[in-house]
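Have a look at the structure below before the remarks.
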Amino acid sequence: MSYAEIYESWKRDPEAFWLEQAGAIDWDEAPTRALYDRGDHLYEWFAEAKVNTCYNAVDRHVENGRGDQAAIIYDSPVTDTKYAITFAELQEQVARLAGALRAKGIEKGDRVIIYMPMIPETAVAILACARLGAIHSVVFGGFASHELAVRIDDAEPKAIIAASCGIEPGRTVSYKPLLDGAIEEAKHKPDFTVIFQREREEAALIDGRDHEWHAFQDGVEPAPCVPVEGNHPAYVLYTSGTTGAPKGVVRPTAGHLVALHWSMKNIYNVDPGEVFWAASDVGWVVGHSYIVYAPLIAGNTTVLFEGKPVGTPDASTFWRVISEHKVRSFFTAPTAFRAVKREDPEAKMLADWDIGHLRAIYLAGERADPDTIEWAQRVTGKPIYDHWWQTETGWTIAGMPAGIETMPVKIGSPSVAMPGYDVQILDEGGTPVAPGNLGAIAIKLPLPPGTLPTLWNAPERFRKSYLAHFPGYYETGDAGMIDEDGYLYIMARTDDVINVAGHRLSTGAMEEVLAGHPDVAECAVIGVADDFKGQLPMGFVCLTKGVNRPHDEIEKECVKRVRDQIGPVAAFKLCKVVDRLPKTRSGKILRRTMASIADGEDFKMPATIDDPAIVDEIREAVGTMGYPKG
């Protein structure tokens, strides 16, 4: 069947479509019904079925003859370590840790916070929670004590599993003092913690509360898989909210299994036994969905990588990992490729590695500018597929259905909506707009399996954040358009569409123009307040390594490019060359923070910021442009 036929079959009978996809999952009690309408625009999938995620990700592959296949390849250039763990070995490790947790009182429904780096033990901890029906919440390793404390108070975990430290290029991040500070600050106190001691740095343990990873598991009985209801939360993942208070996205068990299994072949085009690599972190949704869960559920080998695209040791790292492990599909963020391109613009380092096994590269996490896609296409000779989804959805909203058919790539578009997503572009009044017109991107309810049914402990916030603005729709918070062929274009976050003298303009469109400048490695455009025009665009550009031209020349060329390609209506006059941009640890540019700096507004330092010192550099740059005014 073609993509169009499959999408139409879903639209014609969503219940039958998803029940058929559920046949790929091993159930304790198979679903007889897919969708449950709970009223008031609230829905659940496979709510009354019984299933266990860990069984589907690990045990069934051992039982079906894949026990000797590598489940996880651990590749850590920061510790100079590489090894594989088979499905049989993973089953043994997970069952043993689950048994130890069970012996300490962890059972179905209990919460466990996991505060760990990119090591195999992190995946073992996640799967051990899933084995017991415990609800895990992974918090990015190295998060500040206060932010961890906020999450402890919201999730109220019975236990916390952590590592002694994380390892970054050139430095070691001590986790245990941060964890101790968070527990001290939090009102809720966990019953106990489990600490994995890394060779680089051993942490001091507190008697009676902290347990060393290996000793904790001595002499325990391995735990079997505990079946849970289809609507039982598999995990809670906190995402930054507009108020600064984190939102706990709930991931329901059964829909998560069905949707992720479907995605591995139909979107990422990998077959069981093949190697899949998502270069992300388990602290983010990409790490949950496509490092730990989806590849293992589908019987793939997943690469768990502890390093960076550059600096561990250089810009050849991606190519080495793909070559050595014979990666079939590779998933990363556009920011990562921009970093590689900035360090090695001609990709000379690629010549040392064979990436012939690679079928395609997938980009997500932020808008993929055409210049980055074209560069990656040129140097790798591989298809580059942008795709778009969110923490809240857990899997692709719009992408290339490469396992169904390879449709034409339209650079600048993440392609087409996946089955389950009825994506529409709405005006402010909630009315669908004609193809080619900019508007708010919304998804007609119900959302498909695997997406969030609510927020943890915050049902009213869930309604207000996602359902209230456009009744009957899920509000994505992104702005864009759909063309005549049904291809979606993500132009900006809704609050990044700026109003210049009555004209609604996309900052993303301006970024595409700036990124096309031959000396620009990456860029960001924000809207700043202006007494006369309401708002004005302000651009920041980072240069490719080795460019030594005067910055003011490049800035003038950038202004001219925008005026030539978008027009004087953009009123683009403010542009500054900077060394770097403020980003989250997952690589997203913190445009809202930059706009607050330029407008002189108070703001809370984002918990996810990679390096707070960059804020001062941006403040100095906007000051040279005469902002904030007055």
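With UniProt numbering, letter number 230 in the sequence shown gets 230, and the count goes up by one each step, no holes.
We treat Cβ as the ideally placed atom computed from N, Cα and C, and that holds for glycine.
For clarity, every value in this text was computed on a predicted model and none was experimentally measured.
Nearest-angstrom Cα separation, counted from Glu92 out to Glu221: Walking along the sequence shown from the start, residue 221 turns up at place 221. Walking along the sequence shown from the start, residue 92 turns up at place 92. Those two C-alpha atoms are separated by around 11 Å.
Just checking my contact of Gln217 with Ala100 at CB under 8 Å: how many whole Å lie between their CB atoms? Mapped onto the sequence shown, residue 217 falls at position 217. Mapped onto the sequence shown, residue 100 falls at position 100. 4 Å between Cβ atoms; contact.
The alpha helix (DSSP H) that contains Lys576, what's its start and end? To locate residue 576, count along the sequence shown from 1; it is residue 576. Counting along the chain, Lys576 falls outside any alpha helix (DSSP H), though it belongs to the beta strand (DSSP E) covering 574-577.
Euclidean distance between Cα positions of Pro169 and Lys308: As a first step, residue 169 is located in the sequence shown; it is residue number 169 there, counting from the start. As a first step, residue 308 is located in the sequence shown; it is residue number 308 there, counting from the start. In a straight line, the C-alpha of Pro169 is about 8 Å away from that of Lys308.
For the 8 Å Cβ check, are there 3 or more pairs between the segment 138-157 and the segment 314-321? With a cut-off of 8 Å, the segment 314-321 and the segment 138-157 do not count as touching, because too few Cβ pairs lie within range.
Give the DSSP-derived three-state secondary structure of His211 in the structure shown. In the sequence shown, the residue the question calls residue 211 occupies position 211. Three-state result, His211: strand.
Nonlocal neighbours in the same chain, by C-beta distance under 8 Å from Val578, ignoring five residues either side: Position 578 of the sequence shown holds residue 578. Hits under 8 Å: Phe540, Val541, Cys542, Glu617, Ile618, Ala621.
Between the beta-carbon of Leu514 and the beta-carbon of Ala571, is there less than 8 Å? Here the question's residue 514 lines up with position 514 in the sequence shown. Here the question's residue 571 lines up with position 571 in the sequence shown. Contact flag unset, no.
Do Ile490 and Gly477 have their C-beta atoms closer together than 8 Å? Counting from one through the sequence shown, the residue named residue 490 turns up at place 490. Counting from one through the sequence shown, the residue named residue 477 turns up at place 477. Contact flag unset, no.
May I have the straight-line CA-CA distance separating His136 from Asp531, to the nearest angstrom? Taking the first residue of the sequence shown as 1, we reach residue 136 at position 136. Taking the first residue of the sequence shown as 1, we reach residue 531 at position 531. Rounded to whole angstroms, His136 to Asp531 spans 49 Å at the Cα level.
Name the DSSP beta bridge partners of Val293, please? Here residue 293 refers to the residue found at position 293 of the sequence shown. Position check: residue 293 holds Tyr in this sequence, whereas Val was assumed. For Tyr293, which the question treats as bridged, DSSP gives no partner whatsoever.
How about Val310 and Glu274: are their beta carbons less than 8 Å apart? Position 310 of the sequence shown, counted from the start, is the residue given in the question as residue 310. Position 274 of the sequence shown, counted from the start, is the residue given in the question as residue 274. Result no, Cβ atoms of Val310 and Glu274 do not sit closer than 8 Å.
How many Å lie between Ile297 and Trp262 at the Cα? In the sequence shown, residue 297 corresponds to position 297, counting from 1. In the sequence shown, residue 262 corresponds to position 262, counting from 1. Taking the straight line joining both Cα atoms gives about 10 Å.
Taking only runs that begin and end inside the segment 147-221, name each unbroken beta strand (DSSP E) of 3 or more residues, in chain order. Within the segment 147-221, the complete beta strand (DSSP E) runs of at least 3 residues are 159-163, 165-168, 171-174, 192-196, 210-212.
Can you give the beta carbon distance from Glu522 to Arg338, rounded, assuming they're within the 8 Å contact cut? Counting from one through the sequence shown, the residue named residue 522 turns up at place 522. Counting from one through the sequence shown, the residue named residue 338 turns up at place 338. Indeed, because the Cβ distance is near 4 Å, the residues count as touching under 8 Å.
For a quick check, are the C-beta atoms of Val327 and Lys50 less than 8 Å apart? If you number the sequence shown from 1, residue 327 lands on position 327. If you number the sequence shown from 1, residue 50 lands on position 50. For Val327 and Lys50, no; Cβs fall outside 8 Å.
Per DSSP, what kind of secondary structure is Arg102 in: helix, strand or coil? On the sequence shown, position 102 is the one that residue 102 refers to. Here Arg102 sits in helix by DSSP.
Considering only C-alpha positions, which residue in the set Ile411, Arg66, Thr380, Glu48 is nearest to Asp386? Within the sequence shown, numbered from 1, the residue matching residue 386 stands at position 386. Comparing Cα positions, the closest option is Ile411.
Report yes if the CB atom of Leu574 is closer than 8 Å to the CB atom of Met625, and no otherwise. Locating residue 574 in the sequence shown gives position 574, where the first residue counts as 1. Locating residue 625 in the sequence shown gives position 625, where the first residue counts as 1. A distance below 8 Å separates the beta carbons of Leu574 and Met625.
Should Val124 and Val94 be called a contact, given that it needs their Cβ atoms to be closer than 8 Å? As a position in the sequence shown, residue 124 is number 124, starting the count at 1. As a position in the sequence shown, residue 94 is number 94, starting the count at 1. The answer is yes: Cβ separation under 8 Å.
Measuring straight from C-alpha to C-alpha, what distance separates Leu97 and Ala128? Your numbering for residue 97 matches position 97 in the sequence shown. Your numbering for residue 128 matches position 128 in the sequence shown. Rounded to whole angstroms, Leu97 to Ala128 spans 6 Å at the Cα level.
Could you tell me the distance, in whole angstroms, from the CA atom of Asp180 to the CA atom of Ser145? Looking up residue 180 in the sequence shown gives position 180. Looking up residue 145 in the sequence shown gives position 145. Near 8 Å, if we compare the C-alpha coordinates of Ser145 and Asp180.
Taking the alpha-carbon positions, what's the Ile404 to Ser323 distance? By 1-based counting over the sequence shown, the position of residue 404 is 404. By 1-based counting over the sequence shown, the position of residue 323 is 323. Taking the straight line joining both Cα atoms gives about 26 Å.
Is Phe540 helix, strand or coil by DSSP? Working through the sequence shown from its first residue, we reach residue 540 at position 540. The answer is strand: DSSP assigns Phe540 an E or B state.
Quick one, are the C-beta atoms of Ile25 and Asn56 less than 8 Å apart? Position 25 of the sequence shown holds residue 25. Position 56 of the sequence shown holds residue 56. Going by C-beta atoms, Ile25 is nearer than 8 Å to Asn56.
Under the criterion of a Cβ to heavy atom distance below 7 Å, does Ile355 qualify as lining the ligand GDP? Absence of the ligand GDP is noted for the structure shown, with no ligands found whatsoever.
Closest Cα partner of Gly399 within the set Gly486, Pro612, Asp191: Here residue 399 refers to the residue found at position 399 when the sequence shown is read from its first residue. Nearest option by C-alpha distance: Gly486.
Do three or more CB pairs link the segment 38-48 to the segment 273-290 at distances below 8 Å? no
CB-CB length for Val258 against Pro449, believed under 8 Å: For the purposes of this step, residue 258 is identified with residue 258 of the sequence shown, where counting begins at 1. For the purposes of this step, residue 449 is identified with residue 449 of the sequence shown, where counting begins at 1. With 8 Å as the limit, Val258 and Pro449 qualify as a contact, their Cβ atoms being about 5 Å apart.
Local Cβ density within 10 Å of Asn300, reported as buried at 16 or more and exposed below that: Within the sequence shown, numbered from 1, the residue matching residue 300 stands at position 300. Result: buried.
Find the nearest neighbour of Gly430 within the set Ile355, Ile441, Ala402, judged by alpha-carbon distance. Along the sequence shown, read from residue 1 onward, the residue named residue 430 stands at position 430. The residue with the shortest Cα to Cα distance from Gly430 is Ile441.
Apart from the five residues just before and just after His41, which ones in its own chain have a Cβ nearer than 6 Å to its Cβ? Residue mapping note: residue 41 aligns to position 41 of the sequence shown, counting from 1. Excluding sequence neighbours, His41 sits near Leu445, Leu467.
Span of the beta strand (DSSP E) holding Met481? Counted from its first residue, the sequence shown places residue 481 at position 481. 473-482 is the span of the beta strand (DSSP E), which, as asked, contains Met481.
Among Thr451, Pro117, Val528, whose alpha-carbon lies nearest the alpha-carbon of Ser280? On the sequence shown, residue 280 is found 280 positions in, with the first residue counted as 1. The residue with the shortest Cα to Cα distance from Ser280 is Pro117.
Secondary structure at Tyr7, three-state DSSP: helix, strand or coil? By 1-based counting over the sequence shown, the position of residue 7 is 7. Looking at Tyr7 - three-state DSSP - the assignment turns out to be helix.
Compare the beta carbon distance of Glu512 and Pro435 with 8 Å and say whether it is the shorter of the two. Taking the sequence shown and counting its residues from 1, the one referred to as residue 512 is at position 512. Taking the sequence shown and counting its residues from 1, the one referred to as residue 435 is at position 435. The answer is no: Cβ separation not under 8 Å.
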